[in-house]
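Numbering (the working numbering), first residue to last: 37 to 438. Each residue gets a CB set at the ideal place from its N, CA and C atoms; glycine is no exception.
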């Protein structure tokens, strides 16, 4: 019997999203289930890499970089720490590898999936707000490492509500993404009243997670939905380029910025978290090539807590892992992002707005360790390199969208 991989790939992707949307209860009932979709992702991803590595230079380069920085991670830390660092990246690499297949379902998929994720996420947040939950602060031991099932933390004495997910920012991200696609569909059908009801509901429940950045992001996304596509394109490109330059500037340690308001989380990231993360690169070689997988974030927290830094910025996270190579990769993305032209205006607008939603989160979050951000990032980057939907164009005198 022949197996249709094109059907299995999106099903595994959906299984991963569903499991992570309910990772809290699953962690209490049957924790191993949380890892099954990731294992399936790994198998399918390795299969695709094995096929493509001999015929596609891009795939060969990707595999070489992954193997190289895995080896560097082992050399700097341990095989367990490097393996865990690579494990965290599997959802991103899977979605990047199969972006052409997955993106079709993301942008043209059944709205029932988005409604299901939206409604159940709201129910989870409401349930935790009213009754609490046994998975909050729960800890299990995986391979000798204690892993928190769902974070139990507060801001100003207020619970950062994760709902059914593993963390408050995961719940907020899931609400933002699902509500965006629901609202976009309503707008396409000129159904503005239900669109605004979904928007207001989403804002309220994101507010309960105390994730302020996501609230602002969704509000701006709504404004972008109401603007013409050419203006949306320009605004999103400017915002993303500015955020990239901003991140690179403030990740460099500078003594003149030692004093800041510790109550301001953005200032804390700019003047403390990001520069301290870069200071993990403590010799001339690592400053150029990075420290490899496992050097930053959760792997370091579990295996070498003395050198732990959350990163709290996707570019900081990438630079600590692969040094100047990360700058080259970001440069390639920026080049393609700036000079690509989409064939379909409606699709282009959706792409630019969801790009804004995901990538602006990379300024204050480590996207690769947030399950919904990492999968979205993989799809969006891969989608940009799909010649069936867009291509490079340097002719600025013709129409932007054909």
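Distance, residue 286 Cα to residue 292 Cα: Residue placement at residue 292 is flagged as unreliable, the pLDDT there being 49, under the threshold of 50; a coordinate-derived value is accordingly withheld.
For residue 433, name the three-state secondary structure that DSSP assigns. Confidence at residue 433 is low in this model, with a pLDDT of 48, below 50, so its placement is unreliable and the value that follows should be read with caution. Reduced to three states, the DSSP call for residue 433 is coil.
If contacts are defined as beta-carbon pairs under 8 Å, then residue 333 and residue 202 qualify, I think. What distance do you get, rounded to the angstrom? With 8 Å as the limit, residue 333 and residue 202 do not qualify as a contact, their Cβ atoms being about 14 Å apart.
Cβ-based burial, residue 379 [other Cβ within 10 Å; buried from 16]: Burial is judged here by how many other beta carbons sit within 10 angstroms of a residue's own beta carbon; residue 379 has fewer than 16 and is exposed.
Going by beta-carbon coordinates alone, are residue 403 and residue 361 separated by less than 7 Å? In this structure, residue 361 does not lie closer than 7 Å to residue 403 by Cβ.
Once the 5 residues before and after residue 358 are set aside, which same chain residues still bring their CB inside 6 Å of it? Once the five neighbours on either side are set aside, the close Cβ partners of residue 358 are 105 and 326.
To test your reading of the DSSP string, which unbroken beta strand (DSSP E) runs of 3 or more residues are found completely within the region 328-415? Complete beta strand (DSSP E) runs here, min 3: 376-378.
Assuming residue 428 is part of the beta strand (DSSP E), what are its boundary residues? Run containing residue 428: 426-428, per the beta strand (DSSP E) assignment.
What does the Cβ neighbour count give for residue 261, buried or exposed, with the cut at 16 atoms within 10 Å? Result: buried.
Taking C-beta to C-beta, are residue 348 and residue 312 nearer than 7 Å? For the 7 Å CB-CB criterion, residue 348 and residue 312 do not form a contact.
So, is residue 90 buried or exposed, given that buried needs 16 or more other C-beta atoms within 10 angstroms? By the neighbour-count rule (16 or more Cβ atoms within 10 Å), residue 90 is not buried but exposed.
What residue from 141, 116, 222 and 102 has the CA that sits closest to residue 128's CA? It is 102 whose Cα lies nearest to the Cα of residue 128.
Quick one: Cα of residue 71 to Cα of residue 216, how far? Spanning the two alpha carbons is a distance of roughly 28 Å.
Could you give the residue range of the alpha helix (DSSP H) that holds residue 149? Run containing residue 149: 147-167, per the alpha helix (DSSP H) assignment.
For residue 44, which residues in the same chain have their Cβ closer than 8 Å to its Cβ, ignoring the five residues on either side in sequence? Counting only Cβ-Cβ distances below 8 Å, and skipping sequence neighbours, we find 80.
Could you check the C-alpha separation between residue 245 and residue 93 for me, to the nearest Å? Just so you know, the alpha carbons of residue 245 and residue 93 end up roughly 43 Å apart.
Can you look up residue 321 in the DSSP assignment and give me helix, strand or coil? Residue state, collapsed to three classes: helix.
Nearest-angstrom Cα distance between residue 213 and residue 386? Between the C-alpha atoms of residue 213 and residue 386 there is a straight-line separation of about 11 Å.
If you measure between the beta carbons of residue 414 and residue 131, is that distance less than 7 Å? Yes, Cβ-Cβ distance for residue 414 and residue 131 is below 7 Å.
Below 7 Å CB to CB, which residues in the same chain sit around residue 48 once its five sequence neighbours on both sides are set aside? For residue 48, same chain residues with a beta-carbon under 7 Å away, outside a window of 5 residues either side, are 73, 76, 77 and 80 in chain order.
Going by other Cβ atoms of all chains shown within 10 Å of its Cβ, with 16 needed for buried, is residue 197 buried or exposed? Around the Cβ of residue 197, a 10 Å sphere holds 16 or more other Cβ atoms; the residue is buried.
Quick check on the DSSP output: the alpha helix (DSSP H) that includes residue 104 runs from which residue to which? Counting along the chain, the unbroken alpha helix (DSSP H) around residue 104 starts and ends at 93-112.
Inter-residue Cα distance where the pair is residue 273 and residue 65: Residue 273 and residue 65: Cα-Cα distance of roughly 44 Å.
Where the alpha helix (DSSP H) containing residue 312 begins and where it ends: From DSSP, the alpha helix (DSSP H) with residue 312 extends over 310-314.
So residue 121 and residue 111 are in contact, right, with Cβ under 8 Å, and what is the actual spacing, rounded? Residue 121 to residue 111, Cβ: 13 Å. No contact.
Using 8 Å as the Cβ pair cut-off and three pairs as the minimum, do the region 216-227 and the region 421-428 touch? Here the region 216-227 makes no contact with the region 421-428; the two share fewer than three CB pairs at distances below 8 Å.
Along the chain, where does the alpha helix (DSSP H) that runs through residue 231 open and close? Per DSSP, residue 231 belongs to the alpha helix (DSSP H) from 228-244.
Please state if the CB of residue 238 and the CB of residue 399 are separated by a distance shorter than 7 Å. Taking the C-beta atoms as reference points, residue 238 is found no nearer than 7 Å to residue 399.
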